[in-house]
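In this note's numbering, the protein residues as written are 23 to 452.
Down below is the structure, laid out as structure tokens.
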């Protein structure tokens, strides 16, 4: 921790004090200059841990992302898009977004609830975590849009969602008890492809019985992009060893310059009920043994690259990619890397039947043309299941999962009560 940074923050806070006061744990602004000084502190933190040059580079990436978003929508005959709230805020102005992350900490500093050292450390964590998370999303979304754009050049058009908006967020979309796609494209002469971003996601649950039923969705690993042949409106399948229909394609995106030498700790959420803890314990035990089997090493040797600590496991990114592949068993696994990968590492991944495309910078759409050409071969013609399509639409509208037989009975009643109108529509469509 920089002593110079602490001193600079102290000096600014001292300058702000004449314009601020505290009462009953609240900060009272006596003059707008107090707020200006606090904003200066936040900017100093952002500049110190991120820097102007990095923010300038990111703004260039954001500009390219926004252009691709607009171009992709037009090309596939879409109407618009929906972005996650946090990500939307970040791409509007990265500096302002990061500054917002320091709002509470800065007021806690003024109120004396945080020391200067604690303030600097918490601010560092907040800024760097938010920045890295949004950069990861930016690269992932750009990859998806780049694939969509190149498919659009070959005649692909949007068939889902019906409202014509590309859905890049998953917020609240699992409340119906299903996991719908973000987008479905129809490729003329070939068929359809269904895309899911960061699925599977947890479903809603109300009691221990529900929790035990959907627990796999909480703890299963979550690849960046799942792609399915044909029109797949719901991937939940709790009967198998994984809680979703097995994907045809997985696309994993890596944006960090040194991702292939990194490790990370993985930890499923620990719920309070005892039954939930038992589920977590069983999953971790099975994960430990399954990972060793997937990588072809004994449980004893597994300790060379993985360690169990406080209910979590430490896994090298390279091994995690292999585990994704062995867990989901897709027909095709594609790894897209922003940095160029060492040839020895690339050959190791390729020997595991992983397609590696590296040195893919944001803005280089041409590098993704190869990906689009590969995955379009997996497009599958769709025989329309009107009942199931209606069921999914009604479930989304009511925010709960509706059974197919209920929809069939409701449609029969509707047709019986409005038979003349139905006949007229059929005659028009004939």
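Quick reminder that beta carbons are idealized off the backbone N, C-alpha and C, glycines included.
Residue i versus residue j - alpha carbon distance
i	j	result
residue 221	residue 53	48 Å
residue 346	residue 368	17 Å
residue 385	residue 80	12 Å
residue 12	residue 135	One cannot answer for residue 12 here, as it falls past the ends of the chain, which runs 23 to 452.
residue 422	residue 71	44 Å
residue 152	residue 119	9 Å
residue 169	residue 55	49 Å
residue 121	residue 365	40 Å
residue 349	residue 264	8 Å
residue 106	residue 449	44 Å
residue 185	residue 275	28 Å
residue 522	residue 76	Absent from the model: residue 522. The displayed extent of the chain is 23 to 452, so no value can be given.
residue 447	residue 100	27 Å
residue 97	residue 203	20 Å
residue 40	residue 147	29 Å
residue 181	residue 403	13 Å
residue 229	residue 89	With a pLDDT of 44 at residue 229, under the threshold of 50, the predicted position of this residue should be treated as unreliable, though the coordinate-derived value follows. Roughly 45 Å separates the two Cα atoms.
residue 91	residue 25	43 Å
residue 266	residue 260	7 Å
residue 218	residue 83	23 Å
residue 438	residue 416	20 Å
residue 178	residue 374	31 Å
Contacting residues, own chain, Cβ-Cβ under 7 Å from residue i (five flanking each side not counted)
i	result
residue 60	38 and 128
residue 398	173, 176, 209 and 212
residue 409	426, 429 and 430
residue 67	124, 145 and 149
residue 130	136
residue 117	68 and 77
residue 277	157, 158, 161 and 360
residue 424	413, 416 and 417
Terminal residues of the alpha helix (DSSP H) in which residue i lies
i	result
residue 276	Here residue 276 belongs to no alpha helix (DSSP H); instead the beta strand (DSSP E) covers 271 to 276.
residue 50	No alpha helix (DSSP H) holds residue 50; the beta strand (DSSP E) holding it covers 48 to 51.
residue 342	339 to 350
residue 167	138 to 175
residue 387	Here residue 387 belongs to no alpha helix (DSSP H), and DSSP marks it neither H nor E.
residue 448	441 to 451
residue 414	408 to 420
residue 3	The question about residue 3 has no answer here: the residues shown for the chain are numbered 23 through 452.
residue 371	365 to 373
Residue j beta carbon less than 8 Å from that of residue i
i	j	result
residue 358	residue 393	yes
residue 214	residue 252	yes
residue 258	residue 201	yes
residue 112	residue 156	yes
residue 85	residue 171	no
residue 361	residue 279	yes
residue 371	residue 382	no
residue 273	residue 165	yes
residue 51	residue 62	no
residue 141	residue 87	no
residue 378	residue 363	yes
residue 256	residue 445	no
residue 132	residue 49	yes
Range of the contiguous beta strand (DSSP E) that encloses residue i
i	result
residue 214	213 to 219
residue 254	Careful: residue 254 lies outside any beta strand (DSSP E) and carries neither H nor E.
residue 358	354 to 359
residue 182	178 to 182
residue 208	205 to 209
residue 187	187 to 189
residue 377	377 to 379
residue 43	42 to 45
Sequence-distant residues of its chain with Cβ nearer than 6 Å to residue i (five each side left out)
i	result
residue 35	none
residue 254	216
residue 281	339
Same chain only: Cβ atoms within 8 Å of residue i, ignoring 5 sequence neighbours per side
i	result
residue 286	336, 337, 339 and 342
residue 104	187, 188, 189, 190 and 191
residue 270	249, 250, 251, 352, 353, 354 and 400
residue 433	409 and 412
Whole alpha helix (DSSP H) runs in the stretch 70 to 133 with 4 or more residues, listed along the chain? 74 to 97, 107 to 114, 116 to 122 and 125 to 132
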